[in-house]
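Student:
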Amino acid sequence: MVAAQRDLWRPTEVLAAFRQVGFNPSLSKVAAMWSGTPVTVRLDDLDKMCAALDCTVADL
1 MVAAQRDLWR PTEVLAAFRQ VGFNPSLSKV AAMWSGTPVT VRLDDLDKMC
51 AALDCTVADL
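Counted the way the numbering used here counts, the sequence shown spans residues 1 to 60.
1. Please work out which residues of its chain come closer than 8 Å, Cβ to Cβ, to Asp27, disregarding the five sequence neighbours upstream and downstream, and give them in chain order.
2. Give me the Cβ distance between Ala52 and Gln20, rounded to the nearest whole Å; I'm assuming they're in contact under 8 Å.
3. Can you check which of these residues, Ala31, Thr37 and Leu60, is closest to Lys48 by C-alpha distance?
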């Protein structure tokens, strides 16, 4: 997982990284993404996620 490659091991750590780039999902949404449960993600949010994790969509 891309987050783990960046030493982000908990949903709260991923959420903090997202917030640094202006993406503010709920902790429950981040936890669902973390667990692999499918969630709906808008394209602009996907762009922010990639910015926070320094990756491309293909990496996710």
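Think of the CB as a built atom: it goes at the ideal place given N, C-alpha and C, for glycine as much as any other residue.
Tutor: Here's the rundown:
1. On the sequence shown, position 27 is the one that residue 27 refers to. Before going further, note that residue 27 is Leu rather than Asp in the sequence given. Cβ within range, chain order: Pro11, Thr12 and Leu15.
2. To locate residue 52, count along the sequence shown from 1; it is residue 52. To locate residue 20, count along the sequence shown from 1; it is residue 20. Correct: roughly 6 Å between the Cβ atoms.
3. Indexing the sequence shown from 1 puts residue 48 at position 48. Here the closest residue by C-alpha is Leu60.
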